[in-house]
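Inspection log for the structure reproduced underneath, given as structure tokens.
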Amino acid sequence: MTQRNYTRAGAIAAAAVLPLGLVLATTPANAAEDATVSILHAIPEGAGADVVDVYANGNLLLDDFTPGTLETVTVPAGSYDLGVYADGTTPDDSDAVLSADGVEVPAGVNATVTANLDADGAPALNVFVNDIATIPAGDSRLTVRHIAAAPAVDVLADGAVLFADLTNPNEAIGEVPAGAYEAAVNLAGTDTTAIGPAEVSLAAGANTIVYAWGSAADENLALAIQIIPGLGATPDGVPAGGGSTTGTPVWALGLAAVAAIGLVGAGVRMSAARN
Amino acid sequence: MTRLRPAIWVLVISAVALVTAVAVIAMAGSGSSVASVGARPAVSEPGSPTSDTDGASAPQESPKSSDANRLDATVLPRTAEGQLPVSVRIGSLDVQAPVGSVGLDSLGRVDVPLDVDQTGWYRYSVLPGADAGSTVIVGHKDGVDQGPGAFFGLGDAQIDDIVTVTSANGSKLRYRVVARESFDKDVVPLDELFATTGAHRLTLITCGGPFDATTLGYTDNVVVTAVPVETDALVTR
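Chains A and B, in that order, are what the protein sequence lines are.
Each residue of the first sequence is one higher than the one before, counting from 140 in my numbering.
Each residue of the second sequence is one higher than the one before, counting from 1198 in my numbering.
Have a look at this one:
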């Protein structure tokens, strides 16, 4: 597997007050006022958050949200107080299971909020900024995020370590040729497979975000996927008519050439005859 | 009557031949059949979700969400070998050709099959029948030594012509032509034609317009856009 480039960036852990230093190099031109935010429920069943409601600034955003599901919304840029509430409770009558206040969502940003377990198994909210920069034609961007109650891991593609020593709540990003890969997650530095192997097809021009979630102790580690398509560079052209024998008959081209020679020749002879 | 000298005969014959040749070349290159008709579906902006909600509401209002926007994140994306296109047919145009899989050439252009009887699915575009994006199939209009190509007749496509794409698993997907356009190659809207977002559509691309004898190529790309035929429309056709 070819790995074109490879960066690791720490995710920003949510706290009671969560200042997000979100800076993106590129912003879609016609989304000047909006941001795209995805929410992933990655707290496994049985951890006290099986069915939750998500509130933003006191308003219901997602109803009856369950583990392993992802929803993407377009929101106006701004500051958001996020709260996760047990199903049937509201900000008016109950405390949040999880909350993050003052989450700054700049215009044009593409971010994912995950409700997950931290390395020690406690529920947490994390906010990740998704890379939506243009991807070279034919390549795919792979982002791997560790949001599981598990120690450091290595991420393998087709049996080779692609990202080493990834810890909760961090991510690793690389660009690889589009195609199908056998993905696996091993305990860091060991041959002990924690998740997989499983086939994951990486589409050209997409940022495929793979989340390792669940709990090692509860033996429910798993992968979750978020795909952001439409990032690929386009080809530089379509040369689909390399030559013509029918659109312009070759005999016509030949005739034109012969005729031109004839005209010149005749002109020369006539000119010579006059003298 | 004065007998015309040989030089004058050569002059006259050459002039007639030149006029004939120029007329034929002009007719061949006029591309009269490729004037643009119809309209392609709009393309959504890159990076935006295909099923986003209305974000135009005031900051105090929460965006509405619906179950339709909720995805099961535990389903891993798999390669769908059976959905790879293997042939394309436009009955009304006598277009019937095998479809291979093509990528990019060394210049970053689509690697159009050398065999003009072959067409190529651009493997970095979406599969036929996808939920969103453009399925791109390219083919030659003709070849210098090979005569008419698989997409020779594409410039004659008419609105509502039916395009049938057959996949490796034998399934047939029907598309209805909604636009036929001709672009100078300098201004082809490649970003839109190859977009992997927006309403699903089939984009067929070949060459057209005047033939440039200096570059041995055509100056234009002819683009036919077709949208999936709804199940109920199939019944009435």
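Built from N, CA and C at the ideal position, the CB exists for glycine as well.
Given the structure is predicted, the values throughout are model-derived calculations rather than measurements.
- Ranking A:Ala235, A:Asn196 and A:Asp231 by CA distance to the CA of alanine 216 (chain A) puts A:Asn196 first.
- Look at asparagine 1366 (chain B) here: in three-state DSSP terms it is coil, with no helix or strand label.
- Using a Cβ distance threshold of 9 Å, proline 1238 (chain B) and isoleucine 364 (chain A) do not count as a contacting pair.
- Under a criterion of Cβ atoms nearer than 9 Å, the residues of chain B adjacent to serine 340 (chain A) are, in order, Leu1273, Pro1274, Arg1275, Thr1276 and Ala1277.
- Boundaries cannot be given for glutamate 1427 (chain B), as no beta strand (DSSP E) includes it and DSSP labels it neither H nor E.
- With a cutoff of 9 Å on beta-carbon distance, threonine 253 (chain A) and leucine 179 (chain A) are scored as near each other.
- Residue range 1267 to 1269 is occupied by the beta strand (DSSP E) that includes aspartate 1269 (chain B).
- Taken in chain order, no unbroken stretch of alpha helix (DSSP H) lies wholly in the segment 242 to 273 of chain A with a span of 4 residues or more.
- Of the other Cβ atoms in all chains shown, 16 or more fall within 10 Å of the Cβ of glutamate 210 (chain A); this residue is therefore buried.
- Under the three-pair Cβ rule at 8 Å, the segment 1280 to 1299 of chain B does not count as touching the segment 260 to 268 of chain A.
- In this structure, A:Ile271 is the residue among A:Asp240, A:Ile271 and A:Asp234 with its C-alpha nearest to the C-alpha of asparagine 249 (chain A).
- Between valine 223 (chain A) and glutamate 321 (chain A), the alpha-carbon positions lie close to 34 Å from each other.
- Between the alpha carbons of valine 283 (chain A) and asparagine 1366 (chain B) lies a distance of about 33 Å.
- Annotation: Cβ neighbours of alanine 1270 (chain B) in chain A (cutoff 7 Å, chain order): Leu179, Gly207, Thr208, Leu209, Ala363, Ile364 and Gln365.
- The segment 1367 to 1420 of chain B is shown to contain whole beta strand (DSSP E) runs of 3 or more residues at 1369 to 1381 and 1398 to 1409, in chain order.
- When the Cα atoms are used, alanine 1392 (chain B) and glutamine 1343 (chain B) turn out to be separated by approximately 32 Å.
- Taking CB atoms only, tyrosine 224 (chain A) has no neighbour in chain B less than 9 Å away.
- For lysine 1369 (chain B), the number of other beta carbons within 10 angstroms of its own is below 16, and it is reported as exposed.
- Counted as a single uninterrupted DSSP element, the beta strand (DSSP E) harbouring glutamine 365 (chain A) occupies residues 361 to 367.
- Against chain B, the beta carbon of valine 377 (chain A) has neighbours under 7 Å at Arg1306, Val1307, Val1309, Val1335, Ile1402 and Asn1418, listed in chain order.
- In the DSSP assignment, aspartate 203 (chain A) falls within the beta strand (DSSP E) that extends over 198 to 204.
- For tyrosine 1321 (chain B), DSSP records no beta bridge to any residue.
- Among the residues facing chain A, valine 1362 (chain B) is not included, as its CB has no counterpart in that chain under 9 Å away.
- Any Cβ of chain A closer than 9 Å to the Cβ of arginine 1320 (chain B) would place that residue at the interface, and such an atom is present.
- One thing to note: serine 1364 (chain B) has its Cβ within 9 Å of the Cβ of proline 1325 (chain B).
- Per DSSP, the unbroken beta strand (DSSP E) holding threonine 213 (chain A) starts and ends at 208 to 215.
- Listed along the chain, the chain A residues whose CB falls inside 8 Å of the CB of asparagine 1266 (chain B) are Glu210, Thr211 and Val212.
- Per DSSP, reduced to three states, the secondary structure at glutamate 172 (chain A) is coil, with no helix or strand assignment.
- Taking a Cβ-Cβ cut-off of 7 Å, the neighbours of phenylalanine 1391 (chain B) in chain A comprise Thr373 and Pro374, given in sequence order.
- Around aspartate 1417 (chain B), the same chain offers Gly1228, Val1231, Ser1379, Phe1380, Asp1381, Lys1382, Cys1404, Gly1405, Gly1406 and Pro1407 as residues with beta carbons nearer than 8 Å, after the five sequence neighbours per side are excluded.
- Any Cβ of chain B closer than 9 Å to the Cβ of alanine 319 (chain A) would place that residue at the interface, and such an atom is present.
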